[in-house]
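Novice:
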Amino acid sequence: MPTRDEIFDSVRETLVDALGLDDDEVVPEATLMGDLGAESIDFLDIAFRLEKAFDIKIPRGELFPENIASSDSGFVKDGEFTEAGIAELRTKMPHADIDSFADDPKVEKMQDLFTVDMLVNFLDARLS
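According to the UniProt record's numbering, the sequence shown is numbered sequentially starting from 1.
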């Protein structure tokens, strides 16, 4: 089983290759979209590359949950996640920093949950 540092190194290499970044740009707190310039289409490529790098299968929607923020999900009201929505995020994304997000749960800030550290947390839990 790889160490957390080894997982981080593989995640960094994956993001450098997938997004055309420099090594020093990929830090644990970097957000995939805001800081590293990933687009939603890149998430599929990142998941595929991580599957190959770690020889695992990541079911669609497990790493990057889908449709949780849609207006008809019942988890969003007036552009913010409801308490039920926050609880759903905790269930679907135990690898993300939901506590910080819950302080200001605007839908448009959901993308800030997708960080380098979140990927490392996900893989660390999956591989242990």
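Heads up, the beta-carbon is just placed ideally off N, CA and C, and yes, glycines get one too.
Relative to the C-alpha of glycine 85, which residue among Met110, Gly61, Leu63 and Glu62 is closest?
Specialist: Along the sequence shown, one-based indexing puts residue 85 at 85. The shortest C-alpha separation from glycine 85 is found at Met110.
Novice: If we count Cβ pairs, one from each stretch, closer than 8 Å, do we get three or more for the segment 91-109 versus the segment 27-39?
Specialist: These segments do not touch.
Novice: Does DSSP classify lysine 106 as helix, strand or coil?
Specialist: Translated into the one-based positions of the sequence shown, residue 106 becomes position 106. In the structure shown, lysine 106 sits in a strand (DSSP, three-state: E or B).
Novice: Comparing alpha-carbon positions, which option in Arg60, Gly37, Glu39 and Phe64 lies nearest leucine 119?
Specialist: Looking up residue 119 in the sequence shown gives position 119. Closest option to leucine 119, Cα to Cα, is Phe64.
Novice: For the structure I just gave you, are there three or more beta carbon pairs, one from the segment 4-11 and one from the segment 72-92, closer than 8 Å?
Specialist: As far as the Cβ criterion goes, the segment 4-11 does not touch the segment 72-92, which means the pair count is below three.
Novice: Nearest-angstrom Cα distance between leucine 89 and alanine 69?
Specialist: As a position in the sequence shown, residue 89 is number 89, starting the count at 1. As a position in the sequence shown, residue 69 is number 69, starting the count at 1. Taking the straight line joining both Cα atoms gives about 10 Å.
Novice: I need the DSSP call for lysine 52, collapsed to helix, strand or coil.
Specialist: By one-based count along the sequence shown, residue 52 stands at place 52. In this structure, lysine 52 counts as helix in the three-state DSSP scheme.
Novice: For the UniProt domain "Carrier" (5-80), which segments carrying the beta strand (DSSP E) assignment without a break, of at least 3 residues, lie completely within its bounds, in sequence order?
Specialist: With a minimum length of 3 residues, no continuous beta strand (DSSP E) run stays inside the UniProt domain "Carrier" (5-80).
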